[in-house]
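Peer 1: Sharing a structure with you now.
In full-length UniProt numbering, the protein residues as written are 1 to 125.
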């Protein structure tokens, strides 16, 4: 009986130790669950941040494409303006040459008129 009582006492002690271990395990499992919940929330936050970054990236891509279109339009306008300036410059050069020819012809006509006046003056004497 004393052996049975001793073994029963040991069994009770073992059960108490096992109970404490199970209780500690339960606390650790709960702590682990809380940590996993925190990690899960952080992963959700990270996923949301990545989604925002992807959305921002797409918006930036659209803006870049729009800017590229504007730059191409401005480039085409610049080329057209350069061509117009070139044409205007050529027209001005042609008009300048024509004006010079007219001025030369006018000077020549003035000389001829002077000569004619001198010739007429000879006949009037």
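All residues carry an ideal CB built from backbone N, CA and C; glycine is no exception.
What is the rounded straight-line gap between the Cα of residue 76 and the Cα of residue 64?
Peer 2: One-based indexing of the chain shown puts residue 76 at position 76. One-based indexing of the chain shown puts residue 64 at position 64. Distance between the alpha carbons of residue 76 and residue 64 is about 18 angstroms.
Peer 1: Give me the Cα-Cα distance between residue 41 and residue 47, rounded to the nearest whole angstrom.
Peer 2: Here the question's residue 41 lines up with position 41 in the chain shown. Here the question's residue 47 lines up with position 47 in the chain shown. Cα to Cα, the separation comes out at about 10 angstroms.
Peer 1: Which of helix, strand or coil does DSSP assign to residue 50?
Peer 2: To locate residue 50, count along the chain shown from 1; it is residue 50. Looking at residue 50 - three-state DSSP - the assignment turns out to be helix.
Peer 1: Can you give the Cα-Cα distance for residue 68 and residue 84, rounded to whole angstroms?
Peer 2: For the purposes of this step, residue 68 is identified with residue 68 of the chain shown, where counting begins at 1. For the purposes of this step, residue 84 is identified with residue 84 of the chain shown, where counting begins at 1. Approximately 24 angstroms, taken between the alpha carbons.
Peer 1: Taking the straight line between their C-alpha atoms, what separation do you get for residue 5 and residue 13?
Peer 2: Start at 1 with the first residue of the chain shown, and residue 5 comes out as number 5. Start at 1 with the first residue of the chain shown, and residue 13 comes out as number 13. Near 12 angstroms, if we compare the C-alpha coordinates of residue 13 and residue 5.
Peer 1: Note down, one range per segment and in chain order, each alpha helix (DSSP H) of at least 4 residues found wholly within the segment 15 to 90.
Peer 2: Runs found: none.
Peer 1: Please report the distance separating the alpha-carbon of residue 58 from that of residue 74.
Peer 2: The residue you call residue 58 lines up with position 58 of the chain shown. The residue you call residue 74 lines up with position 74 of the chain shown. Cα to Cα, residue 58 sits roughly 24 angstroms from residue 74.
Peer 1: Taking the alpha-carbon positions, what's the residue 109 to residue 90 distance?
Peer 2: If you number the chain shown from 1, residue 109 lands on position 109. If you number the chain shown from 1, residue 90 lands on position 90. The straight-line gap from Cα to Cα measures roughly 28 angstroms.
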